[in-house]
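Numbering-wise (UniProt numbering), the sequence shown opens with residue 1 and increments by one.
All C-beta atoms in this analysis are idealised placements derived from N, C-alpha and C, irrespective of residue type, glycine included.
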Amino acid sequence: MILFLSKNERLLDQSFAYFGCSKYSCFMCSHFLKAYGRIGTRGCHGRLFKPWTVPEATGLASSQADKVAKSVVQVQKDIEKELKSDFDKAIRLEKTSVVGGSSIFSDRKAEKSGKHLVIERRKNKMEQERVAGLFNRLSVGKSDTAFPKPTWGNPSGGALAESNQPGECNTCSRVTSRLCSTCNKYFYCSESCETKINGSHVFTCAKRPLTSADYLYRNISEVTIPDEEDVLEDFGFNHLSSFADRSNLLGLYKGLWLGDVPVEDIHRWQVEGTLIANIKKYFYQINEANRGGYFPWFLGNLHILEKPLTQEESTQNTLATFYGQAQVYLDKEDQHKQPSQLEPEAKMQCYELLATALHAACPNPIQKNWYNFGFCTCNDEREEGALGVLYKRLLLGNKPLDDLRGNTQHMFYGPAPLTATFTEFWHAYQSGTLIKLIDSKGLEKMRSEFKFLERFLSVSPSGLQPSIWSLKQFVAIDNPSDFPPNATLEVDYGFMNCQTFEETCILLEIYKRFLKVANPLALHEACLAGKLFEFAKLFDHMDESHRRLMKNLYPLRRK
């Protein structure tokens, strides 16, 4: 309407003081009208719907065209100001009528600490990834110093950099000496190929902001189930509680990845709410015999992308269904209790592990059971998976597992073993005799493959364990921002010396690197001897500046 009425010299704000409409105006529309001529509306609900821009128009008077342009620029400034502003008051939720039904919006800014917390987490995550990237480059011999300083942006002042040694273009594999114009670290033969930036490069180059789709594609390339909160919510994983179903969904997205669907398209589809339509369009172009098993599974589970599910909602749903299959293993007097009502605590912990085994999964490092049942003694995720199979064999025998594509597949490891009753299991765990129980069921050979498991499980839950296992859990979680080192790790492994979050990340990376090759119990002995830095030097080149970070209070003097 503004453009239509702007085809004469008479200024609109001299004719219209108010635009009537049945609903509140969105943020952009309201601020555009205000910037153009302080034209009032029913009100602004403050929400930002799908962004719009000014269409092409002819016949505008020169003064009006100039005013429209200035108004659009002002809207851009208002959006930027709003995004950068602090939240200064508590949220008060109200309902507003929008197309498609009622929705919730806020007419006040959120609590200041909440927004600051989100910003702080993002800063810490970027800092951790930066430090990890520097150590990774060191490990592959791309740096001459123990802790190189990063160079952000193009150091040549805008001139296009080239390498003395040619390499393959990251996009088309053509041999080139042209480097990325932003970070000067990766090969791109042309500006066109550089605009298709993807893969690991996007995590180290400030070419554009990272999206949840970038993290999804990284999970695909690393063959890992996503754990990023945004990825879980944006791409439907929060609707799925089992490992098998989440693997199916990841396999579906891998089909798009293998088909060279750009990550930017995946992000755009998610923002537009067209993921279902575009996924169908992509797979329907493929011959039915070649579509694989993930797409038919997806067609039977379209609900996972129809409505996003937050992590909190997902957790509530999981809790409501997670323990369903496990209840029959409890004594009758316990079958109607909530997991938290089971006593003693050892019974509750064992019940959680049983439910996890029934879902063909393993505990997450952030969970107590990852530590309690010895997953912290494993060398890697593959070994953790094997330990999960051991517990499943002990509790469930050769019970069929659901194949990842939805078929039933029997997984046998020799003759069917004897199984432990749930009561036997939790009693053995509580008394520190799980190894004896495992061996009595014919699984001694299988459990002997885990080098440190016997020593760990021979201590009751109330007994003392070497602090190295807490360090391994901290390293496995790999999130010092949300899960900072506890008091034990601060004292034993030097985190008390870290004066900044960057130094915490540096020390985390140091332990992460040589725990891959060092005997963890030998590391603990070095800890008790006050020789952590000297021990680390046996496995890797160490920067002398890191000696300060690895100091502890040991050896303790005897009186």
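message: Let's see if you can read the secondary structure: which residues bound the alpha helix (DSSP H) around Asp-423?
response: The sequence as given places Thr at residue 423; Asp does not occur at that position. It spans 422-431 - the alpha helix (DSSP H) in which Thr-423 sits, taken as one unbroken run.
task: Using alpha carbons as the reference points, say which of Asp-540, Leu-528, Cys-505 and Ser-545 lies closest to Arg-557.
output: Of all alpha-carbon atoms in Asp-540, Leu-528, Cys-505 and Ser-545, the one lying nearest the alpha-carbon of Arg-557 is that of Leu-528.
message: Whole angstroms are fine: how far does the CA of Lys-347 sit from the CA of Ser-460?
response: For Ser-460 and Lys-347, the gap between their C-alpha atoms comes out near 13 angstroms.
task: To the nearest angstrom, report how far apart Pro-344 and Lys-81 are at their CA atoms.
output: Whole-angstrom Cα-Cα distance: 54 angstroms.
Buried versus exposed call for Ala-522 [16 or more other C-beta atoms within 10 Å across all chains shown]: Exposed, since its Cβ has fewer than 16 Cβ neighbours within 10 Å.
field: 3-residue-minimum beta strand (DSSP E) runs that sit fully inside the region 336-392, ordered along the chain
entry: List check, beta strand (DSSP E) in window: nothing returned.
- prompt: Which stretch, first to last residue, makes up the alpha helix (DSSP H) that contains Arg-291?
  reply: Segment: none, Arg-291 is in no alpha helix (DSSP H) and carries neither H nor E.
- request: Kindly identify the DSSP beta-bridge partner or partners of Gly-167.
  value: DSSP output for Gly-167 lists Thr-176 as bridge partner(s).
- prompt: How many angstroms separate the CA atom of Asn-364 from the CA atom of Pro-520?
  reply: When rounded, the distance between both Cα atoms is 20 angstroms.
task: Let me know the beta strand (DSSP E) ranges lying completely inside the region 220-294, each 3 residues or longer, listed in chain order.
output: Listed in chain order, there is nothing to give.
task: Indicate the three-state DSSP secondary structure (helix, strand or coil) for Ser-481 in the structure shown.
output: DSSP, read as helix, strand or coil, puts Ser-481 in coil.
- prompt: Can you find at least 3 beta carbon pairs, one from the region 230-243 and one from the region 284-294, that sit closer than 8 angstroms?
  reply: The region 230-243 vs the region 284-294: no contact.
task: Would you check if the distance between the CB atom of Val-75 and the CB atom of Met-28 is smaller than 8 angstroms?
output: Closer than 8 angstroms, so yes.
task: For the region 363-379 and the region 241-257, state whether three or more C-beta atom pairs, one from each stretch, are separated by less than 8 angstroms.
output: Not touching, per the Cβ criterion.
Cβ shell of Glu-384 (< 6 angstroms), same chain only, five flanking positions each side left out: Take Glu-384, set aside five residues on each side of it, and the residues of its chain with a beta-carbon closer than 6 angstroms to its own are Cys-362, Phe-375 and Cys-378, in chain order.
field: Per-residue burial, His-524 [other beta carbons within 10 Å of its own, 16 or more giving buried]
entry: Burial call: buried.
query: Since Thr-504 is in the alpha helix (DSSP H), which residue starts that stretch and which ends it?
result: That run of the alpha helix (DSSP H) goes 501-514.
query: Which residues in the same chain have their Cβ closer than 8 angstroms to the Cβ of Gly-100, if we skip the five residues on either side of it in sequence?
result: Confidence in Gly-100 is poor, its pLDDT being 32 and thus under 50, which makes the residue's placement too unreliable to answer from.
task: Going by CA-CA distance only, name the one from Glu-272, Thr-224, Ser-241 and Leu-457 that's closest to Tyr-253.
output: Cα-wise, what sits closest to Tyr-253 is Thr-224.
task: Name the residue from Gln-327, Tyr-351, Lys-337 and Leu-240 whose alpha carbon lies nearest to the alpha carbon of Leu-309.
output: Ranked by Cα distance from Leu-309, the options Gln-327, Tyr-351, Lys-337 and Leu-240 are led by Leu-240.
- request: Grab me the residues of Glu-168's own chain with a C-beta within less than 8 angstroms of its C-beta, minus the 5 sequence neighbours each way, in chain order.
  value: Closer than 8 angstroms at Cβ, skipping near neighbours: Arg-174, Val-175, Thr-176 and Phe-187.
query: Measuring CA to CA, which of Leu-353, Lys-445 and Leu-302 is closest to Tyr-323?
result: The residue with the shortest Cα to Cα distance from Tyr-323 is Leu-353.
query: Nearest to Phe-495 by alpha carbon, out of Arg-547, Asp-540, Cys-193 and Arg-455?
result: It is Arg-547 whose Cα lies nearest to the Cα of Phe-495.
- prompt: Do Phe-539 and Phe-501 have their C-beta atoms closer together than 8 angstroms?
  reply: No, Cβ-Cβ distance for Phe-539 and Phe-501 is not below 8 angstroms.
query: Cα separation between Glu-454 and Ile-435?
result: Straight-line measurement puts the Cα of Ile-435 at about 6 angstroms from the Cα of Glu-454.
message: Looking only at its chain, what residues have a beta carbon closer than 6 angstroms to the beta carbon of residue 560, apart from the 5 residues adjacent to it on each side?
response: Because residue 560 is not part of the residues shown, which for the chain are 1 to 559, the question remains open.
query: Which of helix, strand or coil does DSSP assign to Phe-187?
result: Residue state, collapsed to three classes: strand.
message: Does Ser-25 come out as helix, strand or coil in the three-state DSSP assignment?
response: DSSP places Ser-25 in the strand class (E or B) of the three-state scheme.
task: Return the chain-ordered list of same chain residues with a C-beta closer than 6 angstroms to the C-beta of Tyr-511, the five sequence neighbours on each side being excluded.
output: Excluding five sequence positions before and after Tyr-511, the CB atoms of its chain that fall closer than 6 angstroms to its own CB belong to Val-475, given in chain order.
query: Under 8 angstroms between the Cβ atoms of Leu-330 and Phe-243?
result: Not a contact, by the Cβ cut-off of 8 angstroms.
query: How is Ser-545 classed by DSSP in three states: helix, strand or coil?
result: Helix.
message: Please report the distance separating the alpha-carbon of Glu-222 from that of Leu-179.
response: Those two C-alpha atoms are separated by around 25 angstroms.
message: Does Cys-498 come out as helix, strand or coil in the three-state DSSP assignment?
response: The answer is coil: DSSP assigns Cys-498 none of H, G, I, E or B.
message: Buried or exposed, going by whether 16 or more other CB atoms sit within 10 Å of the CB of His-359?
response: Per the 10 Å Cβ criterion, buried.
field: Arg-121 classed as buried or exposed, judged by whether at least 16 other C-beta atoms fall within 10 angstroms
entry: Looking at its Cβ environment, which holds fewer than 16 other Cβ atoms inside 10 Å, Arg-121 is exposed.
- prompt: Comparing alpha-carbon positions, which option in Glu-544, Met-550 and Asp-227 lies nearest Ile-477?
  reply: For the residues Glu-544, Met-550 and Asp-227, the minimum Cα distance to Ile-477 belongs to Asp-227.
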